[in-house]
Each structure stands twice: as structure tokens, then as C-alpha cells.
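**Student:** Quick note: the sequence shown uses the working numbering, first residue 49, plus one each step. The beta carbon of each residue, even a glycine, is placed where N, CA and C say it ideally should be. Computed from a prediction, not measured in an experiment: that's the story for all the values here.
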Amino acid sequence: MWSDLSRLRHLAWNTYLPSQHLLGQIIDGAILTFVLFSTASITVAQGAILLALLTWLITLVWSQDHRPLHLPLLLPMAAFFLASVFASAMAVDPYRSVGELRNFFLPAFFFVVVNHLAGERRASSLTRLLILVGCAMALYGLSQSFIQGEAFRIRGTMSIWMTFAGLMMLLATVTLAQLLFVPHRRLAPWLIAALVIFTAALMMTHTRGAWLGFAVAAALILACRKRLFLVLLPILLVAIFVVAPQSVRDRMRSIVDPQDVTARERLYMWGSGLQMLRDYPWTGVGLDGVKGVYPAYRDPRASGARWGHLHNNIIQVAVERGLIGLACWLWIWVAFYAAAWRIYRAVSDDDGPAKALVVGGLAAVSAFHVEGMFEYTFGDSEVIALLYFLMALSFLAGGRQREGVSDVDGQGTRHAT
Numbered sequence: 049m050w051s052d053l054s055r056l057r058h059l060a061w062n063t064y065l066p067s068q069h070l071l072g073q074i075i076d077g078a079i080l081t082f083v084l085f086s087t088a089s090i091t092v093a094q095g096a097i098l099l100a101l102l103t104w105l106i107t108l109v110w111s112q113d114h115r116p117l118h119l120p121l122l123l124p125m126a127a128f129f130l131a132s133v134f135a136s137a138m139a140v141d142p143y144r145s146v147g148e149l150r151n152f153f154l155p156a157f158f159f160v161v162v163n164h165l166a167g168e169r170r171a172s173s174l175t176r177l178l179i180l181v182g183c184a185m186a187l188y189g190l191s192q193s194f195i196q197g198e199a200f201r202i203r204g205t206m207s208i209w210m211t212f213a214g215l216m217m218l219l220a221t222v223t224l225a226q227l228l229f230v231p232h233r234r235l236a237p238w239l240i241a242a243l244v245i246f247t248a249a250l251m252m253t254h255t256r257g258a259w260l261g262f263a264v265a266a267a268l269i270l271a272c273r274k275r276l277f278l279v280l281l282p283i284l285l286v287a288i289f290v291v292a293p294q295s296v297r298d299r300m301r302s303i304v305d306p307q308d309v310t311a312r313e314r315l316y317m318w319g320s321g322l323q324m325l326r327d328y329p330w331t332g333v334g335l336d337g338v339k340g341v342y343p344a345y346r347d348p349r350a351s352g353a354r355w356g357h358l359h360n361n362i363i364q365v366a367v368e369r370g371l372i373g374l375a376c377w378l379w380i381w382v383a384f385y386a387a388a389w390r391i392y393r394a395v396s397d398d399d400g401p402a403k404a405l406v407v408g409g410l411a412a413v414s415a416f417h418v419e420g421m422f423e424y425t426f427g428d429s430e431v432i433a434l435l436y437f438l439m440a441l442s443f444l445a446g447g448r449q450r451e452g453v454s455d456v457d458g459q460g461t462r463h464a465t
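(1) Helix, strand or coil for R450? Go by DSSP, reduced to three states.
(2) Please report the straight-line C-alpha distance between H164 and P120, rounded to a whole angstrom.
(3) Candidates G337, W209, P343: which alpha carbon is nearest T425's?
(4) I believe S429 touches L154 by the beta-carbon criterion, under 8 Å. Please report the beta-carbon distance rounded to the nearest angstrom.
(5) Which stretch, first to last residue, makes up the beta strand (DSSP E) that contains H118?
(6) Distance check for L99 and L71, CA to CA, integer angstroms please.
(7) Can a CB atom of chain D be found closer than 9 Å to the CB of M317?
(8) Inspect the CB distances between the segment 390-397 and the segment 321-328 and report whether three or more fall short of 8 Å.
(9) Within 10 angstroms of its Cβ, does I97 collect 16 or more other Cβ (buried), or is it exposed?
(10) I believe E368 touches A135 by the beta-carbon criterion, under 8 Å. Please report the beta-carbon distance rounded to the nearest angstrom.
(11) For A271, which residues in the same chain have their Cβ closer than 8 Å to its Cβ, ignoring the five residues on either side in sequence?
(12) Which one of L108, F82, I179, R273 has the shortest CA to CA distance from P231?
(13) In chain order, what residues of the same chain lie with their CB nearer than 7 Å to the CB of A402, ignoring the 5 residues before and after it?
(14) Based on Cα-Cα distance, which residue from F82, T87, R346, W377 lies nearest to H417?
(15) I want to know whether the segment 399-413 touches the segment 245-260 - three or more CB-CB distances under 8 Å.
(16) How many angstroms separate the CA atom of Q68 from the CA atom of L80?
(17) First and last residue of the alpha helix (DSSP H) that includes W355?
(18) From which residue to which residue does the alpha helix (DSSP H) around R176 run?
(19) For S111, I'd like the list of residues in its chain whose CB is within less than 6 Å of its CB, leaving aside the five on either flank, ordered along the chain.
(20) According to DSSP, is I202 part of a helix, a strand, or is it coil?
(21) Could you name the residues of the same chain whose beta carbon sits closer than 6 Å to that of R299, not counting the 5 residues immediately before and after it, in chain order?
(22) Examine the Cβ distances between the segment 260-267 and the segment 209-221 and report whether three or more of them are shorter than 8 Å.
(23) Rounding to the nearest angstrom, what Cα-Cα distance links D399 and W389 in this structure?
(24) Answer yes or no: do G334 and A139 have a C-beta to C-beta separation smaller than 9 Å?
(25) Can the beta-carbon of Y123 be found closer than 9 Å to that of A344?
(26) What residue from S89, V133, S145 has the CA that sits closest to T205's CA?
(27) Between which two residues does the alpha helix (DSSP H) holding I288 run?
(28) How is A88 classed by DSSP in three states: helix, strand or coil?
(29) Of all the options G373, D141, V338, which has the alpha carbon lying nearest to the alpha carbon of G356?
(30) For K339, which of helix, strand or coil comes out of DSSP?
(31) Please report how far the alpha carbon of D308 lies from the alpha carbon of L358, in whole angstroms.
(32) Note down the Cα distance separating V160 from Y316, rounded to an integer number of angstroms.
(33) If F194 and R314 are in contact, beta carbons under 8 Å, what's the gap, nearest whole angstrom?
(34) For I179, which of R346, W238, L281 has the nearest alpha-carbon?
(35) Is DSSP giving R346 helix, strand or coil here?
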């Protein structure tokens with residue numbers, strides 16, 4: 049029976065479906081399109097992700113290729129999905145919550161990249177292309193500052209400056225990793241120029257959480273390259289402060305100002321979120337459910353009458369999906385750090401490009417979580433899509449054979465049949 053089904057599948061593949069080579073080219077084109085538009089258009093970027101995912105699934109179902117599938121982070125991601133489904137079933141507004149489950153195609157793109165890209169050379173090439181395209185978007189954002197004035201919070205082609213800041217933060221992070229770990233004299237000048245452009249654009253978003261995220265990412269990259277380099281970080285921060293426009297310097301000073309209005313507003317929102325969690329501890333209020341219940345929990349001192357998110361990743365995930373969902377979400381990141389660190393330790397110090405990929409991924413995730421202490425970055429589709437892509441590149445560093453992973457933490461391997 050199974051042999052008959054296999055023959056039918058093989059016949060259908062040869063008769064009705066494009067060749068496997070053509071499907072591979074479609075996935076290549078979709079990944080390339082994502083790289084070109086990830087910082088410019090979420091519509092095009094998500095369309096490319098869907099195309100890559102659907103084409104990859106077709107090849108899994110119909111292909112006669114029996115190469116092993118590499119599925120790092122599968123268990124924690126699957127657990128988080130199931131926890132989100134359960135939270136949606138128990139949500140205050142189940143229909144709205146179920147509708148938000150559509151965004152789970154974004155983490156699926158992670159598995160496409162891990163399995164389709166053949167090694168670190170292509171991963172490094174796509175990273176540098178991403179930096180080049182990102183520079184164009186950063187320059188466009190900086191042009192908005194010249195036109196609108198230094199106090200204008202630039203946003204590039206994004207709908208809001210916080211999204212643009214998150215993208216610039218991630219791009220500056222991977223650029224710094226490429227600069228410090230890839231020993232290529234011809235690349236160094238343009239990587240330095242790109243880093244300056246990204247840093248300038250990041251500064252002009254006036255987004256303090258992203259600034260702190262990049263500072264932590266830079267510290268991690270410098271420490272991985274050579275701990276002595278850490279002494280350069282405060283010098284660079286002082287230099288940035290000195291050359292920054294007055295509006296940016298004022299914004300920097302507000303980071304340590306306990307009377308800052310936006311800081312107080314966040315404290316009020318976090319307090320409201322903890323009250324929601326107290327009433328909905330295990331399954332939460334459901335995805336995108338905060339907006340509906342927030343008025344009942346609003347701190348009377350808060351200025352906003354209705355908020356869709358609570359400006360903190362951990363609190364938001366806990367309130368939406370409960371403590372069960374939060375535990376699964378944290379599992380994803382713990383598993384990633386553990387696996388990526390093993391890859392980093394396994395890669396030779398002489399393999400600069402591989403080191404750049406894995407350190408860039410580790411630093412990008414760190415920056416994402418630091419910014420996520422003050423903003424709901426996990427709910428920002430543009431930022432999270434780029435982050436999943438950078439995470440996937442980490443697993444291509446030094447070759448997949450170096451992953452050294454097991455099914456215990458979700459780094460499974462199975463064969464396509």
C-alpha cells in the first residue's frame with residue numbers, strides 16, 4: 049500500500065508539479081526578496097515569506113529527496129503555538145484571538161532558511177546584501193530628519209519610528225559583528241560606513257529602548273571578539289553623545305530621569321498588566337485581548353485611556369497567553385541561547401565569517417530583548433521577521449554538522465519522506 053502511494057506521489061510530482069530544481073529557485077527568489085524588502089515593505093516581505101514557506105512545504109510533501117531536516121527550536125516553538133491556541137480558546141474574545149494566530153507563519157520561515165540555505169557562504173552573502181539594502185533605507189530615514197528637523201523621529205518607510213528603530217538596531221548589530229569578525233580589508237571601509245549610517249539613523253529615531261538594546265549587543269560582540277575591546281564602549285558612547293544633536297542629547301539624559309513622563313506611564317501600564325495577570329493567570333486574556341480589558345484595569349494616574357499593548361514583552365506575553373504561554377515563550381529563547389552558544393564554541397576562531405553569523409545572531413536576540421523591556425517588540429512583525437532570519441543564519445555558521453543539538457531542547461532532526 050505504502051509503495052503504491054509512493055509511486056502515485058512520484059507520478060504526480062513528475063506530471064503536475066514543477067521540478068524540484070525550479071521549486072528550489074523559487075525559494076531562493078523568495079528569500080532574496082525578503083532580504084531586499086525586509087526594511088522597506090512589510091507587505092512584500094511577508095508575501096515573500098509565505099511564498100518560501102508554501103514552496104518549501106510542497107517540496108517536503110512531494111519530493112523524493114531524503115535529506116535530513118534540521119529543526120532547531122522545534123519543541124519550544126511548537127509548545128508556544130499550542131499554548132497560544134489554548135489561550136485563544138479560553139480568551140475573553142476568542143474570535144479576535146484566533147485571528148491573531150495567523151502570524152505564526154513568521155517563525156515557520158526560520159525553518160525554511162535553516163534547511164534551504166546551503167552553508168555559511170550564502171548566509172554571509174545575504175547578510176551583507178541585507179546591510180547594503182538597509183543602508184539605503186537608513187539614508188532615506190536620515191533624509192527625513194534633514195527635511196523635518198532634528199526633533200523629528202524618523203521612521204523610514206515604516207508606519208512608526210519604533211519599528212524603524214528596531215530594524216536599525218538589528219542591522220547595526222549584525223554590521224558590527226561582520227566588521228569585527230570578518231578579516232577582509234576590502235569589506236572593512238564600507239562596513240564602517242554602514243555602521244555609522246545605522247547608528248546615526250538609530251539615534252534620530254529618539255527611541256531609547258533601541259539605543260540600550262544596541263549598547264548591550266555591542267558589549268556582547270566586543271566581549272566575544274576580545275574582552276579588552278570593552279573599554280572602547282564607554283569612549284564610543286561619550287563620542288556619540290558629544291556629536292549628537294541637542295534633541296538626541298536631551299533624550300539620552302531622560303534615560304536616567306526618574307521624573308520622565310513616558311517612564312511613569314510605562315510603570316502604570318506594567319502595574320495594570322500585573323493586575324490582569326492576577327485575574328487571568330494561566331491562559332491570559334487571549335491574543336490581542338489587552339485592548340478590550342485595559343479600561344477596567346487602567347491606573348487612574350495614567351494618561352492613556354486604552355492601550356493595545358503594555359510596552360514590555362514579558363508582561364504582554366504573560367497577560368495574553370498566561371503563565372503557561374510565558375514559560376513556553378521563554379523556553380524558545382533559552383533553547384536558542386544554549387544552541388547558539390554551542391555553535392559559537394564549536395566554530396574555529398579562524399573561521400571569522402562563521403563567528404560573525406553566530407555572534408550576530410546572539411547579539412541581535414539580546415538587543416531585541418533589551419528593547420523588549422520597554423516596548424512590545426515581539427508584536428512588531430517587521431522586527432520579529434528579521435530577527436527570525438538572523439537567528440536562522442546562526443545555525444548555518446560553521447556548517448550544520450556542528451550544531452551539537454538534541455531533541456531535549458527542541459533541536460530535532462528528522463528525515464523528509
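**Tutor:** The short version:
(1) Note on R450: pLDDT 43, under 50, position unreliable in the model; the coordinate value appears next. R450 falls in the helix class under three-state DSSP.
(2) 14 Å
(3) W209
(4) 7 Å
(5) 116-119
(6) 10 Å
(7) The structure shown contains no chain D, having only a single protein chain.
(8) no
(9) buried
(10) 7 Å
(11) The residues are F277, L278.
(12) Among L108, F82, I179, R273, the Cα nearest to that of P231 belongs to R273.
(13) E168, V395, A445, G446
(14) W377
(15) no
(16) 18 Å
(17) No alpha helix (DSSP H) contains W355, which DSSP labels as neither H nor E.
(18) Where R176 is concerned, the enclosing alpha helix (DSSP H) stretches over 168-196.
(19) Q68
(20) Assignment of I202 by DSSP, reduced to helix, strand and coil, places it in the coil class.
(21) H254
(22) yes
(23) 15 Å
(24) yes
(25) Per the sequence presented here, residue 123 reads as Leu, with Tyr not at that position. Not in contact: L123 and A344 (Cβ atoms no closer than 9 Å).
(26) S89
(27) It spans 280-291 - the alpha helix (DSSP H) in which I288 sits, taken as one unbroken run.
(28) Residue state, collapsed to three classes: coil.
(29) V338
(30) In this structure, K339 counts as helix in the three-state DSSP scheme.
(31) 17 Å
(32) Spanning the two alpha carbons is a distance of roughly 40 Å.
(33) Contact check for F194 and R314: beta-carbon distance about 31 Å, past the 8 Å limit, so the pair fails to qualify.
(34) Relative to the Cα of I179, the nearest Cα in the group R346, W238, L281 belongs to W238.
(35) coil
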